[in-house]
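A short write-up of the structure that comes next.
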Amino acid sequence: MTTLAAQPTRAEPDGAELEALLARCAAKDAAAFEALYQCVAPRLLAVLVKMLRRRDLAEDVLQDVFVKVWEQAGQYDRIRGRPLAWLVSIARYRAIDVQRASRPTVVLSESDMLLDPRFQMAGPADSEATGLRSALMRCLEMIAPPQRRCLLLAYENGLTHDQISRALGEPLGTVKSWVRRSLINLRRCLES
Amino acid sequence: MNYERPELLERLSGEYVLGLLRGAARRRFDRLVDESPTARTRLQRWEDDWCALSRTLDPIQPSARVWAELRRRVLDDGRAPARRTPRRIWQLAAAAGVVAAALIIGLVIRQQQHALQSVAVLGTDPSHLLWQVERSTDLAALTIRTVGAVRPPPDKAYELWALPRGGSPVSLGLLPTAGKSERSLSPSQRTAIAAADRLAVSIEPPGGSPTGSPTGPVIIVANIQTAG
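Spelled out as structure tokens, the structure:
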């Protein structure tokens, strides 16, 4: 009967560790697959729950994502680097496919509509303490709040142009042009 | 559309990563990425940049069933890996299961004169058994006895789960830290045990999981003894 040794909470693995695990998964090493799952599944599930808004559905998608990772670990491009971004993208694109198939009614909670608290931490001390001050976060702060909210509702909540337009009460054309302009400005900022 | 215009490519790849390209437009961009290294580079750059945002979310521990089902789908389907390291805990679980099954058979034989059937003996390994789980023959009640020293982490409790085949874990309540605990089973708990092939124990806040699914680490997974 039994067992499963206690699973200690793991620290976030660095890119090199994830790359090593992916390489072993490509060689069909089951232990590496389990280690990879334990390292990144909680983070991917957070992304999926935020997008799909249903934990059971998010967990089903999480399973599909790891089946894909097991099958396609050999396609991870080491030259590209950023293994977590590769994994997060697989999860997000799978969630987008699922959304397209089910088209749930979008109901945004109040917290989704409020200005994201992560952008209200003004002081550099706060930001350093939480370690959130990535280039992306810095550059997102340069974008006006309504436009920024469009980008976040799309990336984090998986909303379409049309859904964002309804959620914010702004015309569809306005939302589309906000997104276009914001993306170009964001890229300029990230490159500077 | 001239995809090689840098600004257009930048915008489209950004919209793709945000999930704003849908339907035919998304499929067209998929094909472009297959054919154009420039498009692929731009797309990957956006993916890398936006990934920073996913790091700001609080991780959510998946239910035990996700790994259990994943393992069945991926590792037990004939494409099983040639190489399995001995550290694999599932392999240990299987080995321990054999030992514990023998132990349970012993317990079942010893208990045949009672109206209780053994469901499982739970422990972190066969030499550290913690609880003995028994049920009444009509499945109306569960009796759990501590058979070892149970020391939960500070401000934590152990919660028992039935793992129905193909379904989500169903809570069977908190496990006692000493002595014996008897509880009657609800209809849904009875259905879950009848459909379950395993029990699991997770570490939870003092009152039990706030979500109805295991939220803390799963420290034990045990097969349910079917002999009656």
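Listed in order, the protein sequences are those of chains A and B.
Each residue of the first sequence is one higher than the one before, starting from 1 at the first, in our numbering.
Each residue of the second sequence is one higher than the one before, starting from 1001 at the first, in our numbering.
For glycine and all other residues, C-beta sits at the position ideal for the given N, C-alpha and C.
Check                                                                                                                                                                                     : Outcome
Any Cβ of chain A within less than 7 Å of the Cβ of B/Arg-1073?                                                                                                                           : yes
For B/Ser-1188, return the contacting residues in chain A, with the cut-off set at a CB-CB distance below 8 Å.                                                                            : Ordered by position in chain A, no residue passes the 8 Å Cβ test against B/Ser-1188, which lies about 16 Å from the chain.
Would you kindly work out how many angstroms separate the C-alpha atoms of B/Arg-1027 and B/Thr-1215, rounded to a whole number?                                                          : 38 Å
Apply the 10 Å Cβ neighbour rule to B/Leu-1008 and answer buried if 16 or more other Cβ atoms are within range, or exposed otherwise.                                                     : exposed
Residues in its own chain within less than 6 Å of A/Leu-52 by CB, not counting five upstream and five downstream?                                                                         : Ala-58 and Ala-95
Counting along the chain, where does the beta strand (DSSP E) carrying B/Thr-1215 start and finish?                                                                                       : Here B/Thr-1215 belongs to no beta strand (DSSP E), and DSSP marks it neither H nor E.
What residue from B/Ala-1140, B/Ile-1060 and B/Gln-1044 has the CA that sits closest to B/Leu-1172's CA?                                                                                  : B/Ala-1140
Could you tell me if B/Ser-1186 is buried or exposed, where buried requires 16 or more neighbouring beta carbons within 10 angstroms of its beta carbon?                                  : exposed
Considering only residues of the same chain and omitting the five flanking positions on each side of B/Lys-1156, which have a CB-CB separation below 8 Å?                                 : Ile-1203, Glu-1204, Pro-1205, Pro-1206 and Gly-1216
Looking only at C-alpha atoms, which of B/Leu-1018, B/Arg-1183 and B/Pro-1164 sits nearest to B/Ala-1200?                                                                                 : B/Pro-1164
Reducing DSSP to helix, strand and coil, say where B/Glu-1018 ends up.                                                                                                                    : The residue you asked about is not Glu; residue 1018 of chain B is Leu in the sequence shown. In this structure, B/Leu-1018 counts as helix in the three-state DSSP scheme.
Find the residues of chain B that neighbour A/Ile-96, judging by a C-beta separation of less than 9 Å, and give them in chain order.                                                      : Gly-1019, Arg-1022 and Arg-1026
What does B/Gly-1208 reach in chain A if we use C-beta pairs closer than 9 Å?                                                                                                             : Simply none; closest approach about 17 Å.
Output the residue ranges of the beta strand (DSSP E) runs that lie fully inside the stretch 1160 to 1225 of chain B and measure 3 residues or longer, sorted by chain position.          : 1170 to 1174, 1180 to 1184, 1196 to 1204 and 1218 to 1223
Near A/Val-47, what residues of its chain come up, given a Cβ to Cβ distance below 7 Å and the 5 sequence neighbours on each side ignored?                                                : Val-88, Ala-91 and Arg-92
Give every residue of the same chain whose Cβ lies closer than 8 Å to the Cβ of A/Lys-68, excluding the five residues on either side of it in the sequence, and list them in chain order. : Ile-90 and Arg-94
When the cut-off is 7 Å and only beta carbons count, does B/Ser-1054 lie next to chain A?                                                                                                 : yes
Would you identify the three-state DSSP class for A/Ala-16, choosing helix, strand or coil?                                                                                               : helix
From the beta carbon of B/Glu-1010, is the nearest beta carbon of chain A less than 7 Å away?                                                                                             : yes
Please say whether B/Leu-1174 and B/Gly-1208 have beta carbons closer to each other than 7 Å?                                                                                             : yes
To the nearest angstrom, report how far apart B/Glu-1035 and A/Trp-178 are at their CA atoms.                                                                                             : 29 Å
Do B/Val-1033 and B/Leu-1018 count as a contact pair if the criterion is CB distance below 7 Å?                                                                                           : no
Select from the stretch 59 to 82 of chain A all residues with a C-beta closer than 7 Å to any C-beta belonging to chain B, and list them in chain order.                                  : Glu-59, Leu-62, Gln-63, Phe-66, Val-67, Trp-70, Arg-80 and Arg-82
Do you know whose CA, among B/Asp-1030, B/Asp-1048 and B/Thr-1211, lies nearest A/Leu-190's CA?                                                                                           : B/Asp-1048
What does the alpha-carbon distance come out to for the pair A/Asp-14 and A/Ala-144?                                                                                                      : 33 Å
Find out if the Cβ-Cβ distance for the pair B/Leu-1130, B/Leu-1122 is shorter than 7 Å.                                                                                                   : yes
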